[in-house]
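Right, one structure below, let's go through it.
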Amino acid sequence: MSTLTERAERDDRAEDGRHGGQGEPGGRTEPPVEVADGYRAGRTLPLRVELVRQLKRRRTMIMGGVLFALPIILLIAFQIGGTPGEGNSRVNLMDTATASGTNFAAVNLFAGAGFLLVIPVALFCGDTVASEASWSSLRYLLAAPVPRARLLWSKLAVGLTLSLAALVLLPVIALAIGTVAYGWGPLELPTGGELAPGAAARALLITVAYIFVSQLVTAAMAFWLSTRTDAPLGAVGGAVFITIIGNVLDAVTALGDWRDFLPAHYQYAWLDVVRSQPDYSDMIQGTSLSITYALVLFALAFRGFGRKDVVS
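Taking UniProt numbering, the leading residue of the sequence shown gets 1, the next gets one more, and so forth.
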């Protein structure tokens with residue numbers, strides 16, 4: 001009986017709202033919002049579920065294999081090619097590759113930072129939304145219903161997590177392989193001197209963190225393009241192409257001080273940490289520039305996707 005009474009009272013209130021009997025001044029009432037029992041917008045598309053989905057994808061496994069293969073390829077090259085730096089009049093970090101496992105890890109970061117590490121960042125952040133559109137599953141996710149902002153936050157968080165994992169995976173594998181091949185020891189500096197293993201590990205951590213921050217521009221560009229196109233290759237390729245253009249422009253010395261506004265200008269600023277007296281000035285400028293560009297692009301992605309007519 002009580003259940004029937006409560007239902008009748010709800011029907012009466014709804015009838016009053018339709019006829020302007022009660023509600024807001026002027027007889028207007030907000031239309032009732034039907035929400036299923038137990039529905040919570042914050043619980044849709046959990047990060048754990050999205051992370052598992054992305055980890056099981058073939059492109060994630062292939063990228064992990066590529067990152068695992070690079071240290072092995074460099075090790076083979078050093079084994080059959082002689083002493084690093086032989087016949088080279090310039091002294092650089094590559095000349096110390098075989099000094100210890102920490103040197104080998106630093107050299108792998110130096111070799112991969114320019115281009116190889118750009119690919120997983122662009123792939124994990126650029127393929128995430130566009131792939132759902134290409135599979136025609138994006139509209140069904142939104143109809144679940146997953147709020148658009150929630151969907152983007154989940155996709156972005158997982159994409160950045162996988163990007164960071166890729167940046168960490170390379171030096172970890174290189175450190176393990178280099179330690180087996182060349183032994184554990186201090187980080188020998190190309191300009192003379194060395195860093196103790198503890199200081200060398202700290203320098204490598206700072207290096208990985210800075211490379212990740214400097215790659216935020218590529219990640220944001222790929223993510224923004226992913227919300228604008230239904231072609232994953234277009235989003236990933238577009239971000240990589242723009243990154244390459246930035247590197248080319250940075251090499252044009254005729255641009256002078258204009259190069260200071262290019263994120264690529266500071267991509268190797270982490271080398272200032274691998275020295276006896278670290279200098280963080282360029283790293284600070286590069287960090288602030290990368291974060292600024294990334295925030296603008298992320299904001300454009302959320303704003304554009306929130307108004308986009310999703311039909312895929």
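Every residue, glycine too, gets a C-beta built ideally from N, C-alpha and C.
Only a predicted model underlies this, so the values are computations on that prediction, with no experimental measurement involved.
Pick from the options: whose alpha carbon is nearest that of residue i?
| i | options | result |
| --- | --- | --- |
| residue 323 | 200, 250 and 251 | Because the chain is modelled from 1 through 312, residue 323 falls outside the range shown and cannot be assessed. |
| residue 231 | 261, 123 and 57 | 123 |
| residue 262 | 50, 181, 285 and 240 | 285 |
| residue 302 | 268, 226, 252 and 240 | 226 |
| residue 109 | 296, 210, 245 and 252 | 210 |
With H, G and I counted as helix, E and B as strand and the rest as coil, what does DSSP make of residue i?
| i | result |
| --- | --- |
| residue 195 | strand |
| residue 262 | coil |
| residue 187 | strand |
| residue 153 | helix |
| residue 171 | helix |
| residue 257 | helix |
| residue 137 | coil |
| residue 116 | coil |
| residue 229 | coil |
| residue 60 | helix |
| residue 278 | coil |
| residue 99 | coil |
I think residue i touches residue j, with their Cβ atoms under 8 Å apart; what is that distance to the nearest whole Å?
| i | j | result |
| --- | --- | --- |
| residue 68 | residue 98 | That pair is no contact at about 20 Å. |
| residue 243 | residue 118 | 5 Å |
| residue 160 | residue 219 | 6 Å |
| residue 186 | residue 175 | With 8 Å as the limit, residue 186 and residue 175 do not qualify as a contact, their Cβ atoms being about 13 Å apart. |
| residue 217 | residue 294 | 6 Å |
| residue 269 | residue 260 | Contact doesn't hold; Cβ gap of about 12 Å is too wide. |
| residue 212 | residue 164 | 5 Å |
| residue 100 | residue 183 | 6 Å |
| residue 173 | residue 75 | About 11 Å; that fails the 8 Å criterion. |
inquiry  = Any contact between the segment 157–169 and the segment 96–105? By contact I mean 3 or more CB pairs, one from each, below 8 Å.
reply    = no
Any contact between the segment 147–160 and the segment 118–134? By contact I mean 3 or more CB pairs, one from each, below 8 Å.
yes
Discussion item. If contact is defined by three or more beta carbon pairs under 8 Å, each pair taking one atom from either stretch, is the segment 184–191 in contact with the segment 268–284?
Written reply: yes
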